[in-house]
Structures are given as structure tokens and as C-alpha cells.
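Chemist: Just so you know, the sequences run in chain order L and S. Note that numbering that gives the first Met the number 0 has the first sequence beginning at 0, numbered continuously upward. Note that numbering that gives the first Met the number 0 has the second sequence beginning at 0, numbered continuously upward. All C-beta atoms, glycine included, are put in the ideal place defined by N, C-alpha and C. Following this message is one structure expressed as C-alpha cells.
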Amino acid sequence: MNPAGPVFAATAVEKTFGTLRAVDGLSMAVEAGEIYGLVGPSGSGKTTLLRMLCGLTAPTGGEARLLGSAMPRERRKVESQFGYMPQERAVYRDLTVAENLLFFGQVYGMPRRRIAARTAELLAMMKLADRSGQRADRLSGGEKQRLSLACTLVHEADALLLDEPTIGLDPALRAEFWDHFRDLSSRGRTLLVSTHYLLEADRCRRVGLMQRGRLVAEGTPDALRTLAGERAGHPVRDMEDVFLVLTRSEGGAR
Amino acid sequence: MKLQRIAAVAERVLRQLAHDRRVLAFMLLIPAAAMILFGYSFSGDIRDVRVAVIDEDRTDLTASILESLAADETISLRVLPSGEDPERLLLEEGYQGVIRLPAKFTSLYYAHFAMGVATSAQGRIDLTLDESDPQIAAAIQKSLADALMDLGEGGPVDVQTHDLYGVEVRFIDSFAPAIMGLVVAMISTVLTLLSIVREKVDGTFARVWVSPVRRAEFILGYVLAFGLVALVQSLVVLGIGSLVFHIVINGSVFWAFLCVILFAVGSVGLGTLLSAVAQTESQAIVSFPLVMLPSVLLSGMMWPVQAIPAVLRPLSYLVPLTYSNRVLRAVMVKGLAPWQEPVGFARVLAFVVLTVAAAALVLRQQGRRSD
């Protein structure tokens with residue numbers, strides 16, 4: 000652990016694919032226990048930033064750190080302390096719900112008995128208890144998404160990177176997911192959650208608005224409202240309007 | 000039913016195919032490869048079979064037999080000094096047949112003519128055959144018979160054929176080891192390939208790479224799983240072979256299983272290697288015949304490698320199953336230990352080391368380039 004510093008930190012981090020600048024000199028830091036929302040439209044660089052922070056892809060410039068370790072170089076030091084939920088549902092479709100959790104528990108070196116207890120806990124939490132023996136490819140979209148989250152949580156990591164965890168879910172299920180996130184945060188976990196649903200920003204303690212690989216504004220949802228209000232010259236309540244005002248005032252400049 | 004809608008569906012399918020260039024390439028490549036491989040393979044005659052001759056008589060008559068044999072393209076003849084042990088030449092030197100013309104062959108041969116039909120005097124030739132490949136054994140027998148016919152006198156020659164393994168080896172006996180290798184190669188290669196491509200498509204690869212699992216552990220996990228599968232598959236092949244077809248197993252089943260598992264390891268490596276090329280499940284599936292066809296046609300499974308035309312034979316030597324066949328036949332039919340078929344065994348080992356090392360590199364690349 001890195002009790003002193005931020006859990007996730009990017010310093011002037013950059014990622015280019017050919018001529019495309021997916022992430023463009025971005026800096027941010029997420030403190031322990033926070034729910035930090037990375038909010039922005041599709042293609043704004045959220046996924047790439049998350050992948051750099053968990054060491055799946057190397058930055059082409061700047062630095063990405065997780066729990067104080069430079070990623071991906073020092074990933075081995077912290078590999079058991081974070082959980083990553085990719086945007087794809089990322090579960091083994093030909094394994095059952097319980098078998099998926101067993102595998103992801105085993106790769107983190109958990110003993111079988113602990114995995115069994117954790118599986119029962121997570122399946123109850125995700126309302127999948129009666130689907131335990133069901134193959135993942137027979138689950139509904141929402142159930143698969145819940146299984147994917149459960150697979151990320153199975154090894155009880157302190158730091159969680161969740162890439163669009165609520166994508167494709169109905170509003171009720173989305174609300175349920177956010178209840179889980181708040182619950183995890185209240186237990187001391189740190190969550191970095193990306194989303195393109197601007198309304199979800201309100202559920203985060205702090206929000207980073209991303210556009211074209213850059214962080215155009217950062218702060219608590221209320222602070223962002225105030226900032227947008229100042230720039231617009233009238234009060235702005237709705238998060239979508241906040242985003243539009245703040246990205247417009249950035250001028251979309253690259 | 001409306002033609003327009005049928006056409007719409009057909010057009011959509013064709014467009015989808017056209018969008019995947021690799022699938023498209025495979026679709027054109029496979030029929031071409033199939034026609035070329037089948038065409039050449041079926042039209043081939045057996046050539047260059049290694050045969051040793053021990054001429055203990057050294058007369059004009061034996062010289063003319065040797066000359067006829069040397070002119071025969073089926074065999075590649077080597078004349079060896081007397082005193083060589085035929086069985087040793089077959090087992091250790093890699094000859095597939097040894098023809099011995101004993102001293103007095105010529106005198107007995109002519110005695111027959113001198114004494115007339117009433118005599119039992121006959122020239123005798125000893126033919127010791129490696130029957131682990133019955134088609135090759137038959138080809139050697141035919142070449143010898145042709146050479147004797149060339150003497151032109153319909154001469155009295157008694158060819159005594161010695162079975163190296165004590166029993167007559169049938170086609171099925173030498174086919175079973177090949178089936179074992181083929182099944183294991185197919186299943187291990189294709190399922191590894193499909194499984195890894197699925198991991199990429201579904202995103203589970205990303206989850207695995209951020210976990211403490213090392214690349215070596217990942218490959219070894221696949222190796223362990225498919226090693227066990229290979230063992231079970233071999234048991235099924237041997238079980239049915241023994242019970243239904245009464246195949247002869249002269250050698251150690253333990254060594255046979257060990258070789259099959261070793262071959263499965265190499266096949267897992269090959270599957271992983273192919274996963275660098277195939278990005279989608281369709282691409283993985285269409286690559287199946289590209290592994291299957293050369294294995295069946297060029298490995299010496301259906302017909303001896305010596306029957307494959309010279310144009311294609313270099314390809315035979317690139318097909319891993321060619322060596323697995325050699326080793327498994329040596330173990331199961333000839334009753335040797337794997338290292339007593341040194342060339343085949345060394346190549347199988349090289350196949351394992353090279354593919355597994357390349358697989359590790361491929362996974363490293365894929366881990367890095369997982370965007």
C-alpha cells in the first residue's frame with residue numbers, strides 16, 4: 000500500500016496510436032477512499048487512461064502510477080492490490096458463474112475455502128445466488144455485467160478501476176451498481192470509474208471531465224456546477240449542461 | 000419468399016466475408032492448397048527408400064542384380080561389406096531393408112540349371128525388412144523381384160523374408176501411431192488457438208494480464224490441460240485399436256504416451272503461435288484445414304514420405320507430424336526407446352522448444368499490444 004500518496008496518479012501522461020493522441024498530457028490524482036468519476040464521451044481517452052493506470056498499456060509520455068508504483072514497470076509490486084473491470088464483459092462464457100469466480104480467485108492465490116465464502120457473499124450482493132451453476136453465456140446482459148463486477152471484486156482489492164461498468168444497463172440496475180460502489184467506498188476502497196453517462200457524475204465524490212484525451216475540468220460535482228455557472232453567466236444544474244458549458248469554453252482546442 | 004430478400008442476405012454475408020481479409024485469404028488459399036497437396040500426393044510413386052545390400056558372393060551374377068537394383072528409382076542403394084548385421088542396420092542405421100546375397104548364391108543358382116528341374120538347389124537371398132511401414136516393405140520386395148526378373152532366365156531364387164519384429168506388421172499397426180499423433184495435434188493446436196482468440200475477443204485476456212499470472216504459467220496451464228487431454232485421447236485410440244482392430248504394439252506404451260504428451264506440448268505452442276495471426280474466431284476456424292491438410296497428406300501417415308513427390312517432400316520435413324509419426328512408429332511398432340529414433344526424436348524436441356519459446360514471445364507481444 001501507499002498510505003501517504005494518491006492511489007491513482009497520472010502526471011502529464013500521454014498515449015499516441017500512430018497519429019492519434021488518445022491521451023494528451025493528462026494529470027490527475029485519486030486519493031484513498033474516493034469515488035472518482037472519469038466522465039466524457041466515447042473516444043475521449045477514458046479507457047486508454049485506465050489501461051495505462053493498471054499497466055496493460057505503456058504510456059508514450061509522462062507517468063502513470065498505481066499505489067505509488069510506476070506502471071507498467073512496477074506492476075508486479077501491486078498486482079494483487081487492484082482490480083480491473085474491462086469494458087467488455089470479460090468473463091469466460093463457457094464457464095458457470097461460480098467457476099468464473101473460482102478461476103479469478105485462484106489466479107490471485109486465494110484458497111478454495113475463501114473463494115467459496117467470497118463467492119456466496121458476492122453472488123448474494125449481485126443477486127446472482129440462483130444463477131451460480133448457470134453458464135455465463137446463458138445469462139442476460141445485466142447478469143453478465145454483475146458477474147463481471149463480481150469477478151473484479153473477488154480478491155478484495157483496495158483499488159478498483161472500473162471501465163464503463165454500467166454501460167448498457169437499465170436505469171434501475173445502474174442505480175444498484177452505484178449503490179455497490181458507494182458501499183465499497185464506505186469500506187475504504189478507492190474507485191476510479193469511467194462513464195459516458197453524464198448523470199452518473201453526480202454519484203462520484205470527484206469528477207474529471209475528459210474530452211479528446213485531456214481533462215477539461217476537475218472537481219466535486221457542485222464545484223463543477225459553480226464553475227459552469229460562472230462561465231455561462233447563469234446557474235447550471237444539469238450535469239449534461241455542465242459538461243457542454245465546460246467543454247465549449249475549452250473551445251475544443253487540441 | 001422474395002428473391003430480393005434472399006439476395007440481400009446473400010449480399011450481406013459476402014460483404015461480411017470481404018471485410019475480413021484474413022478469412023478471405025484463407026478461403027482462396029485452402030482450396031488451392033488442397034488441390035495441390037492432394038493432386039501431388041496421390042500421383043506420387045515411392046522413391047529413395049534406403050536399402051543396404053551385402054554381397055558376400057561377389058560374382059558377375061550378383062553384380063548384375065546390384066546393377067538392376069541401383070537403376071531402380073524406388074530404392075536408394077548402398078553396398079556394404081560382408082559381416083554387417085542386418086537387424087542392426089535396420090534399427091540403428093535407418094535402413095528400411097537389407098538384402099543379403101550369401102556366398103554360394105551363384106553356384107547354387109547355376110547348379111539348378113546344370114542339374115535340371117529335378118534338383119532342389121536354388122540361389123537363396125535373405126531379405127530383412129523394417130515392416131513398420133508396410134507400404135515401403137512391399138515396395139522393396141517388388142524392387143527385388145523386378146531385379147531378379149531382369150536376370151531374364153526366370154531363375155530359381157528363393158527369397159527368404161525375415162520379419163524384424165517377429166510378427167507381420169499390417170497397415171493398421173503402423174497407422175495407429177499416426178492417428179494418435181494426428182488427433183492430439185489437431186485438438187491441442189486448434190483448441191488452444193480458439194481458446195486464446197476467445198480470451199482476446201471477450202476481454203478476459205486483459206483481466207488475466209493484470210492478475211499475478213505470469214506468461215509462463217499461462218502457457219504451462221494450457222500445456223498441462225492439453226497434456227491430460229492427449230493422454231486420454233491416446234488411451235481411446237490404443238483401446239479401440241487393440242480391442243477392435245487387434246493392432247500390434249511391440250513397444251512400451253509408457254514411452255508412447257510420453258511422446259504423445261510431448262507432441263501435445265508442441266501443439267499447444269503452435270496454437271498459441273497461430274493466435275498471433277488470428278484475431279477473430281472465424282479466422283481461427285478457417286486456419287484449421289491449413290494445419291490439418293499438410294498433417295494428413297504430407298506426414299507419412301497415409302503413404303510413406305518416400306511416396307511424396309520431390310517437389311513437396313521438403314514440406315513434409317516441415318510438418319511436425321512427420322517426426323511424431325517416426326518416433327511413435329519406432330516406439331510402438333519397432334519396440335525402440337524414443338531416442339533410438341534420434342532424428343525424429345530430436346525434431347519433436349526441437350518442435351516443442353521452438354513453438355513454446357515462440358508462444359511465450361507472442362503472448363508477450365499480445366500483452367503489450369492489448370489495445
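Taking the CB atoms as reference points, tell me whether V332 of chain S and S173 of chain S lie closer together than 8 Å.
Modeler: Mapped onto the second sequence, residue 332 of chain S falls at position 333. Mapped onto the second sequence, residue 173 of chain S falls at position 174. Yes, Cβ-Cβ distance for V332 of chain S and S173 of chain S is below 8 Å.
Chemist: So S281 of chain S contacts chain L; which residues on that side make the cut at Cβ distance below 8 Å?
Modeler: In the second sequence, counting from the first residue as 1, residue 281 of chain S sits at position 282. Result: empty, since nearest Cβ-Cβ is about 16 Å, beyond 8 Å.
Chemist: Can you confirm whether the stretch 165-176 of chain L touches the stretch 211-220 of chain L when touching is taken to mean that 3 or more C-beta pairs between the two stretches lie within less than 8 Å?
Modeler: Contact between the stretch 211-220 of chain L and the stretch 165-176 of chain L is absent, because fewer than three Cβ pairs lie under 8 Å.
Chemist: Closer than 6 Å by C-beta to A252 of chain L: which residues in its own chain qualify, once you throw out the five before and the five after it? Chain order, please.
Modeler: Locating residue 252 of chain L in the first sequence gives position 253, where the first residue counts as 1. With a pLDDT of 37 at A252 of chain L, under the threshold of 50, the modelled position of that residue is not reliable, and no figure is offered here.
Chemist: Is the CB of S241 of chain S under 8 Å away from at least one CB in chain L?
Modeler: Within the second sequence, numbered from 1, the residue matching residue 241 of chain S stands at position 242. Chain L contact via Cβ: absent.
Chemist: Tell me V192 of chain L's beta-bridge partners as DSSP assigns them.
Modeler: Here residue 192 of chain L is taken as the residue at index 193 of the first sequence, counted from 1. According to DSSP, which records beta bridges pairwise, V192 of chain L is partnered with L:G36 and L:L161.
Chemist: Could you tell me the distance, in whole angstroms, from the CA atom of R88 of chain L to the CA atom of K143 of chain L?
Modeler: Here residue 88 of chain L refers to the residue found at position 89 of the first sequence. Here residue 143 of chain L refers to the residue found at position 144 of the first sequence. Whole-angstrom Cα-Cα distance: 7 Å.
Chemist: Just curious, the beta strand (DSSP E) that D54 of chain S is in, first and last residue?
Modeler: For the purposes of this step, residue 54 of chain S is taken as the residue at position 55 of the second sequence. Run containing D54 of chain S: V48 to D54, per the beta strand (DSSP E) assignment.
Chemist: Starting from the C-beta of A21 of chain L, find all residues in its chain whose C-beta is less than 8 Å away, skip the five residues before and the five after it, and write them out in chain order.
Modeler: Along the first sequence, read from residue 1 onward, the residue named residue 21 of chain L stands at position 22. Same-chain partners within the cutoff: K14, T15, G44, T47 and G212.
Chemist: Hey, Y221 of chain S and V259 of chain S are a contact pair by Cβ (cut 8 Å); roughly how many whole angstroms apart?
Modeler: What you label residue 221 of chain S is simply residue 222 of the second sequence in a count that begins at 1. What you label residue 259 of chain S is simply residue 260 of the second sequence in a count that begins at 1. About 16 Å; that fails the 8 Å criterion.
Chemist: Within its chain, find whatever has a CB closer than 6 Å to the CB of F225 of chain S; leave out the 5 residues flanking it on each side and keep chain order.
Modeler: Residue 225 of chain S sits at position 226 when you count from the first residue of the second sequence. Closer than 6 Å at Cβ, skipping near neighbours: S187, A263 and V267.
Chemist: First and last residue of the beta strand (DSSP E) that includes Q105 of chain L?
Modeler: The residue labelled residue 105 of chain L in the question sits at position 106 within the first sequence. Careful: Q105 of chain L lies outside any beta strand (DSSP E), inside the alpha helix (DSSP H) at V96 to V106.
Chemist: Using 8 Å as the cut-off, can you tell me whether the stretch 156-174 of chain L makes contact with the stretch 72-86 of chain L, which would need three or more C-beta pairs spanning the two stretches below that distance?
Modeler: Verdict: yes, contact present.
Chemist: For T56 of chain L, which residues from the same chain have a beta carbon less than 8 Å from its beta carbon, with the 5 sequence-adjacent residues on both sides left out?
Modeler: If you number the first sequence from 1, residue 56 of chain L lands on position 57. Contacts found: K14, T47, R50 and P71.
Chemist: Whole angstroms is fine: what's the gap from V374 of chain S's alpha carbon to T160 of chain S's?
Modeler: Nothing can be reported for residue 374 of chain S, as the shown portion of chain S is limited to 0 through 370.
Chemist: Assign T275 of chain L to one of three DSSP states: helix, strand, or coil.
Modeler: The structure shown does not extend to residue 275 of chain L, since chain L is modelled only from 0 through 253, so no value can be given for it.
Chemist: So is W254 of chain S buried or exposed if we call it buried at 16+ other beta carbons inside 10 Å?
Modeler: In the second sequence, residue 254 of chain S corresponds to position 255, counting from 1. So W254 of chain S counts as buried.
Chemist: Check each candidate in L:S26, L:G42 and L:T59 and name the one with the smallest Cα separation from G17 of chain L.
Modeler: On the first sequence, residue 17 of chain L is found 18 positions in, with the first residue counted as 1. That would be L:T59, whose Cα lies nearest to the Cα of G17 of chain L.
Chemist: Helix, strand or coil, according to DSSP, for M179 of chain S in the structure here?
Modeler: Residue 179 of chain S sits at position 180 when you count from the first residue of the second sequence. Of the three classes helix, strand and coil, the one that applies to M179 of chain S here is helix, per DSSP.
Chemist: For G108 of chain L, go through chain S and note every residue whose CB falls closer than 9 Å to its CB, in chain order.
Modeler: Residue numbering aside, residue 108 of chain L sits at position 109 when the first sequence is read from its first letter. Within 9 Å Cβ-Cβ: P211.
Chemist: Determine contact between the stretch 10-28 of chain S and the stretch 232-241 of chain L, defined as no fewer than three beta-carbon pairs at a distance below 8 Å.
Modeler: They do not touch, by the three-pair rule.
Chemist: Is the stretch 131-143 of chain S touching the stretch 95-102 of chain S in the sense that three or more CB pairs, one from each, lie closer than 8 Å?
Modeler: Result yes; three or more Cβ-Cβ pairs closer than 8 Å.
Chemist: Under a CB-based cut-off of 8 Å, is F103 of chain L close to chain S?
Modeler: Against the first sequence, residue 103 of chain L aligns to sequence position 104. Answer yes: the Cβ-Cβ gap between F103 of chain L and chain S drops below 8 Å somewhere.
Chemist: For G141 of chain L, which of helix, strand or coil comes out of DSSP?
Modeler: Translated into positions along the first sequence, residue 141 of chain L becomes position 142. The answer is helix: DSSP assigns G141 of chain L an H, G or I state.
Chemist: Are the C-beta atoms of R206 of chain S and some chain L residue less than 8 Å apart?
Modeler: One-based indexing of the second sequence puts residue 206 of chain S at position 207. Yes, R206 of chain S lies at the interface with chain L (some Cβ there is under 8 Å from its Cβ).
Chemist: Which of helix, strand or coil does DSSP assign to S369 of chain S?
Modeler: Taking the second sequence and counting its residues from 1, one reaches residue 369 of chain S at position 370. Any reading at S369 of chain S needs caution, since the residue's pLDDT is 44, under 50, leaving its predicted position unreliable; the model's value is listed next. In the structure shown, S369 of chain S sits in coil (DSSP, three-state: anything other than H, G, I, E or B).
Chemist: Which whole runs of the alpha helix (DSSP H) in the stretch 237-323 of chain S are 4 residues long or more, in chain order?
Modeler: Entirely contained in the stretch 237-323 of chain S, the alpha helix (DSSP H) runs reaching 4 residues are, in chain order, 252-273, 280-285, 287-297 and 312-315.
Chemist: Quick one: which chain S residues come within Cβ less than 8 Å of V90 of chain L?
Modeler: Working through the first sequence from its first residue, we reach residue 90 of chain L at position 91. Chain S residues near V90 of chain L: D201 and T203.
Chemist: Could you work out which residues of chain S lie near E78 of chain L, taking near to mean beta carbons separated by less than 8 Å?
Modeler: Against the first sequence, residue 78 of chain L aligns to sequence position 79. Within 8 Å Cβ-Cβ: V209, S210 and P211.
Chemist: Would you please verify whether the beta carbon of E62 of chain L is less than 8 Å from any beta carbon of chain S?
Modeler: Counting from one through the first sequence, the residue named residue 62 of chain L turns up at place 63. Answer no: the Cβ-Cβ gap between E62 of chain L and chain S never drops below 8 Å.
Chemist: Looking at the secondary structure, which residues open and close the alpha helix (DSSP H) in which H18 of chain S lies?
Modeler: Residue 18 of chain S sits at position 19 when you count from the first residue of the second sequence. L2 to H18 is the extent of the alpha helix (DSSP H) around H18 of chain S.
Chemist: Taking only beta-carbon atoms, is P164 of chain L less than 8 Å away from chain S?
Modeler: In the first sequence, the residue the question calls residue 164 of chain L occupies position 165. Chain S contact via Cβ: absent.
Chemist: Measuring alpha carbon to alpha carbon, tell me which residue in S:S194, S:V235, S:Q232 and S:G240 is nearest I218 of chain S.
Modeler: The residue labelled residue 218 of chain S in the question sits at position 219 within the second sequence. Cα-wise, what sits closest to I218 of chain S is S:S194.
Chemist: Please identify the residue among S:T58, S:T73, S:L261 and S:D54 whose C-alpha is closest to the C-alpha of P308 of chain S.
Modeler: Mapped onto the second sequence, residue 308 of chain S falls at position 309. Looking at the Cα atoms, S:T73 is the closest of the given residues.
Chemist: Under 7 Å Cβ-Cβ, which residues of chain S neighbour P85 of chain L?
Modeler: Working through the first sequence from its first residue, we reach residue 85 of chain L at position 86. In chain order: G202, A205 and R206.
Chemist: Report the partner residues of G60 of chain L according to the DSSP bridge assignment.
Modeler: Looking up residue 60 of chain L in the first sequence gives position 61. According to DSSP, which records beta bridges pairwise, G60 of chain L is partnered with L:E13.
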